[in-house]
Amino acid sequence: MVNLRNEILRKPLGLSFDDAELEREKEDILIGAFEDDRILGCCLLTRMDANSVRLRQMAVPGSMQGKGVGRALMIFAENIARDLGYRKLCMHARKTAVGFYQKLGYSVSGSEFEEVTIPHYVMEKSL
Ligand SMILES: CC(C)(COP(=O)(O)OP(=O)(O)OC[C@H]1O[C@@H](n2cnc3c(N)ncnc32)[C@H](O)[C@@H]1OP(=O)(O)O)[C@@H](O)C(=O)NCCC(=O)NCCS
83 MVNLRNEILR KPLGLSFDDA ELEREKEDIL IGAFEDDRIL GCCLLTRMDA NSVRLRQMAV
143 PGSMQGKGVG RALMIFAENI ARDLGYRKLC MHARKTAVGF YQKLGYSVSG SEFEEVTIPH
203 YVMEKSL
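Just so we're on the same page, our numbering is the position in the sequence shown counted from 1, plus 82.
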């Protein structure tokens, strides 16, 4: 999962992960889509407060994009969040992915900001 995230989310920006960042994920819910031993996509959920959870690190390999894996991951993640009692799911969406999240019912909240060197928007949806 870390390799996939590195390839899709960090290397194209000239960035990588450090151990401290990965260490903090021990409290998160890590979600992967697999076909046999091959990872087809991933994301993770980080608790914000009793009501809200944040989706992070959504990545699908280039060869698998546009085939419904991202949508399946989102529905799976939303079901987990609902089962755990969260009422709201939010994310820092890359500007290039805003349309993807909009198709899944998420709305932009607030103005554009920069994170990992590129433009992002806060997006959210009630579960
Ligand atoms: C964004 C990403 C996770 C989407 O996953 P995916 O498996 O390619 O998406 P899906 O095939 O499930 O697409 C679901 C729908 O969203 C649309 N969609 C997918 N990516 C889109 C994008 N970047 N912008 C607008 N619409 C998009 C699809 O066309 C599809 O629409 P349809 O239901 O009308 O056919 C994936 O393309 C990816 O990993 N991109 C690079 C990394 C990235 O940007 N991650 C998100 C960081 S916030």
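C-beta atoms are modelled at their ideal positions from N, C-alpha and C, and glycine is treated no differently.
Can you grab the Cα-Cα spacing for the pair Phe-195 / Tyr-203, in whole Å?
6 Å
Taking only runs that begin and end inside the segment 132-196, name each unbroken beta strand (DSSP E) of 3 or more residues, in chain order.
134-141, 170-176
Work out the CA separation of Leu-171 and Val-180 for me, nearest whole Å.
15 Å
Is Arg-92 a contact residue of ligand 1, with contact defined as CB to any heavy atom under 8 Å?
no
Tell me the residue span of the alpha helix (DSSP H) that contains Arg-129.
Per DSSP, Arg-129 belongs to no alpha helix (DSSP H); it is in the beta strand (DSSP E), 120-129.
Is any non-hydrogen atom of ligand 1 found closer than 8 Å to the C-beta of Thr-178, if you look at the structure I gave you?
yes
Pop quiz: Met-156 and Leu-186 are said to be a contact at Cβ under 8 Å. What is the actual Cβ separation, rounded to whole angstroms?
5 Å
Could you check where the beta strand (DSSP E) with Glu-117 kicks off and where it finishes?
111-117
Compute the Euclidean distance between the alpha carbons of Leu-95 and Thr-199, then round it to the nearest angstrom.
Leu-95 and Thr-199: Cα-Cα distance of roughly 8 Å.
Label Ala-102 either buried or exposed according to how many other C-beta atoms from any shown protein chain fall within 10 Å of its C-beta, with 16 as the threshold for buried.
exposed
Spatial distance of Glu-105 from Arg-87 (CA atoms):
15 Å
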